[in-house]
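Protein chains in written order, with our numbering: chain Z, 4 to 391; chain D, 4 to 391. Structure first, commentary second.
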């Protein structure tokens with residue numbers, strides 16, 4: 004039992020950069036109750052990796068990815084609001100993506116899945132909202148790529164969003180983060196087990212995806228957290244010159260000559276930070292589809308509210324919602340400058356804009372960690388929020 | 004004609020972490036003249052990738068890696084000082100490393116090369132200096148891993164160095180940079196063409212090394228430089244939906260099904276920043292040995308002046324030289340905090356220590372770019388420097 008519901012879209016769905024899907028499914032979960040006036044809906048959009056399971060519920064009791072922010076009395080107060088969260092189009096947690104069967108062939112789309120953008124994701128989500136009877140959102144809210152989606156929703160459908168919240172997000176991607184994602188994709192593309200994307204039923208590019216996720220983890224956190232947490236602490240490896248644990252690395256390189264020698268030189272897991280990275284990679288490759296990774300990663304690079312407009316500011320000015328922009332000074336992947344740029348553009352367009360700096364050592368991932376501070380910021384913005 | 008000279012060490016050379024070399028060669032170049040009093044020698048140590056060619060000369064007229072800092076009237080004034088630069092032990096630009104033939108077998112050492120440390124590098128360089136008739140250094144100077152070497156030299160041989168300069172370096176490695184290097188090594192180790200290190204005569208792990216170097220480039224520069232330089236500029240690709248150039252990517256993935264589809268989705272080179280990264284990777288894999296990369300990368304992780312001492316401060320206090328420490332606030336790989344920590348430890352040990360912050364958008368690579376500012380800092384320190 005997956006714990007999510009499925010919305011099935013039965014009509015062809017044209018994609019922004021060309022091509023179309025013959026239809027799609029979106030996996031979603033909801034919390035709270037839609038008011039008879041239908042004016043209390045919040046769309047919670049996700050970053051790259053989470054699915055629709057933001058918060059535990061009776062059909063899916065495991066903790067959700069934003070467990071401490073969604074629920075009675077919490078930042079997204081389910082006594083008051085009806086919260087909807089979905090797995091993005093292109094994902095691999097129930098929604099249609101490259102690993103889904105193409106109904107026209109019965110085989111996975113793989114790279115026949117059309118190019119994907121943030122705008123396609125929110126257009127699919129809007130169809131889901133219509134299906135749920137929601138014409139207007141009280142609030143569109145998201146962090147990281149979720150913030151790109153909340154902004155895109157508010158820009159594409161300006162009459163349908165009263166409030167927009169973008170946390171550790173951006174109105175457009177800049178080269179340093181594009182560079183990180185390019186290298187992550189290169190790690191996948193250059194893994195021979197990627198097989199041009201046609202790896203379904205085979206092993207798949209686990210090594211490449213593992214490397215990509217490790218690099219992701221580096222970009223999500225930062226030196227300020229890791230120096231005190233890990234320092235130069237080592238991992239013990241029995242039988243090696245300085246003793247250490249390589250169990251989570253060995254299965255990745257079976258039957259390769261010289262690996263034992265590499266272990267002796269400790270090129271693999273040796274410091275605790277390395278064990279942490281390898282563990283993050285292990286958890287990710289178990290559940291995530293490499294082609295979804297490629298498509299969604301690229302969608303982030305492509306995101307630019309100014310694209311096709313006269314300027315970035317003009318693109319941002321499409322947004323009519325009251326706005327909250329939150330940024331973290333230690334964020335390496337979505338640097339504070341991007342949230343400042345966004346807030347400036349919103350204000351230049353005349354929007355009622357609140358900018359809050361969240362001071363934290365946790366970098367890009369602060370929105371998962373800084374529960375008290377971020378809850379206070381969200382409540383301050385949402386409690387008196389303008390009605391739909 | 005390689006343009007460098009070779010020093011041959013004919014005696015067994017024990018390595019710090021165990022094992023030994025039957026002997027070794029060190030490639031080196033010199034500029035200026037050793038004074039009859041032999042008190043004007045400067046040892047210039049290198050980062051991971053450069054060889055001994057710091058400055059052009061008649062036998063090797065191509066520009067060196069620190070061309071604008073070494074020469075008559077420049078920061079390392081060759082009218083005054085005798086400058087020596089060598090390729091590190093373990094490298095692949097003339098010095099003995101994993102790609103060199105093991106004289107006992109006639110085949111490349113590969114992973115039978117013993118584990119390598121920064122301390123081994125400087126011990127080998129000291130043998131070279133003895134060969135050149137130099138008993139004491141006026142100055143040991145280096146940037147990045149070169150600064151680790153200048154510090155290690157001054158700590159291991161405190162009576163033999165009058166002045167030490169460490170630019171964008173550290174007295175020990177911290178987890179964020181260890182994490183970056185771990186992921187770089189994983190990219191190499193998980194490339195099947197690495198073949199457990201026994202790839203000589205075959206293709207070698209070009210894809211993995213390419214990914215590793217791209218990630219290196221990301222860590223050497225930063226958002227502050229790339230946002231204005233590259234922005235969201237695209238690269239034209241003829242024949243693709245939005246037209247673009249993928250020539251420098253295609254050869255990496257020959258005969259793989261689906262690559263054309265990946266190109267259509269622009270998962271490869273699309274933005275100019277991506278073309279820049281791919282070009283940096285291309286240049287690197289042409290000249291650099293993957294096993295050298297593994298050994299030297301690991302040596303950086305292992306570097307800790309406090310190792311085996313009562314404390315970091317105690318390890319640093321072995322240094323008796325007058326010291327200059329330079330750091331750059333935008334350096335992601337060797338953050339400013341590391342240079343502050345080093346300067347504090349030197350001062351706590353009673354050393355005459357100058358700390359200079361070099362303000363630049365160029366991140367870790369500032370020492371290659373900020374010629375005027377860094378020259379002024381170096382001249383200020385070196386001109387009145389204490390005699391040997």
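Just so it is clear, CB atoms sit at the ideal spot from N, CA and C, and this is done for glycine as well.
query	result
Distance, Cα to Cα, residue 77(D) vs residue 83(D)?	10 Å
Pull out every residue of the stretch 302-324 of chain Z whose Cβ sits closer than 8 Å to any Cβ of chain D, in chain order.	304, 307
Could you pull the start and end residues of the beta strand (DSSP E) that residue 91(Z) belongs to?	No beta strand (DSSP E) holds residue 91(Z); DSSP gives it neither H nor E.
Going along the chain, which unbroken runs of the beta strand (DSSP E) with 3 or more residues stay wholly within the stretch 310-348 of chain D?	325-330
Using the three-state DSSP reduction, which class does residue 154(D) fall into: helix, strand or coil?	helix
Tell me, please, whether the CB atom of residue 175(D) is closer than 8 Å to any CB atom in chain Z?	yes
Less than 8 Å between the C-beta atoms of residue 118(D) and residue 268(Z), yes or no?	yes
Considering only residues of the same chain and omitting the five flanking positions on each side of residue 328(D), which have a CB-CB separation below 6 Å?	169, 342, 345, 346, 358
For residue 226(Z), which of 10(Z), 36(Z), 335(Z) has the nearest alpha-carbon?	335(Z)
Just to confirm before moving on: does the CB-CB distance between residue 270(D) and residue 181(Z) stay below 8 Å?	no
Are at least three pairs of beta-carbons, each pair with one atom in the stretch 278-297 of chain D and one in the stretch 94-107 of chain D, less than 8 Å apart?	yes
Could you give the DSSP three-state label for residue 75(D): helix, strand or coil?	coil
Could you tell me whether any non-hydrogen atom of the ligand NAD is closer than 7 Å to the CB of residue 236(Z)?	Among the components of this structure there are no ligands whatsoever, and the ligand NAD is therefore not found.
What residue range does the beta strand (DSSP E) around residue 359(D) cover?	356-360
Hey, residue 47(Z) and residue 145(Z) are a contact pair by Cβ (cut 8 Å); roughly how many whole angstroms apart?	7 Å
Going by the beta-carbon positions, is the gap between residue 55(D) and residue 7(D) smaller than 8 Å?	yes
Looking at the structure shown, is residue 386(Z) part of a helix, part of a strand, or coil, going by DSSP?	coil
By a C-beta neighbour count over all protein chains shown, 10 Å radius and 16 as the cutoff for buried, is residue 313(Z) buried or exposed?	exposed
Residue 187(Z) to residue 228(D), Cα distance in whole Å?	21 Å
Between residue 252(D) and residue 272(D), what straight-line distance do the alpha-carbon atoms span, to the nearest angstrom?	The predicted position of residue 252(D) is uncertain, since its pLDDT is 44 and thus under 50; a value taken from the coordinates is nonetheless stated next. For residue 252(D) and residue 272(D), the distance between alpha carbons rounds to 7 Å.
Quick test of your reading: residue 81(Z) and residue 73(Z), contact by CB under 8 Å. State the CB separation rounded to the nearest angstrom.	7 Å
Go ahead and label residue 23(Z) buried or exposed: buried means 16 or more other beta carbons lie within 10 angstroms of its beta carbon, across all protein chains shown.	exposed
Please list, in chain order, all residues of the same chain as residue 41(Z) whose beta carbon is under 8 Å from its beta carbon, the five residues on each side excluded.	136, 137, 138, 139
Quick check on DSSP: helix, strand or coil for residue 32(Z)?	strand
Look at residue 361(Z) and residue 369(Z) and say whether their C-beta atoms are less than 8 Å apart.	yes
When you compare each of 372(D), 287(D), 378(D) to residue 51(D) by their alpha carbons, which one comes out closest?	287(D)
Of all the options 133(D), 39(D), 21(D), 159(D), which has the alpha carbon lying nearest to the alpha carbon of residue 307(D)?	159(D)
If we define contact as Cβ-Cβ less than 8 Å, is residue 68(Z) a contact residue for chain D?	no
Of the residues 85(D), 281(D), 215(D), 127(D), which one's Cα is nearest the Cα of residue 43(D)?	85(D)
Tell me the start and end of each unbroken alpha helix (DSSP H) in the stretch 101-141 of chain Z that is at least 4 residues and wholly inside, in chain order.	121-134
Looking at the unbroken alpha helix (DSSP H) that takes in residue 268(D), where does it start and where does it end?	Looking at the DSSP string, residue 268(D) is not in any alpha helix (DSSP H), and its letter there is neither H nor E.
Since residue 348(Z) and residue 319(Z) are thought to touch, with beta carbons under 8 Å apart, how far apart are those beta carbons, to the nearest angstrom?	4 Å
Give the C-beta separation of residue 431(D) and residue 354(D) to the nearest angstrom, bearing in mind that I take them to be a contact with Cβ-Cβ under 8 Å.	Here chain D covers residues 4 to 391 and nothing more, so residue 431(D) does not appear.
Near residue 376(Z), which residues of its chain fall below 7 Å by C-beta distance, leaving aside the five closest residues on each side in sequence?	361
Would you call residue 108(Z) buried or exposed, if buried means 16 or more other Cβ atoms sit within 10 Å of its Cβ?	exposed
Starting from residue 185(Z), find everything on chain D with Cβ-Cβ shorter than 7 Å and list it in chain order.	277, 280
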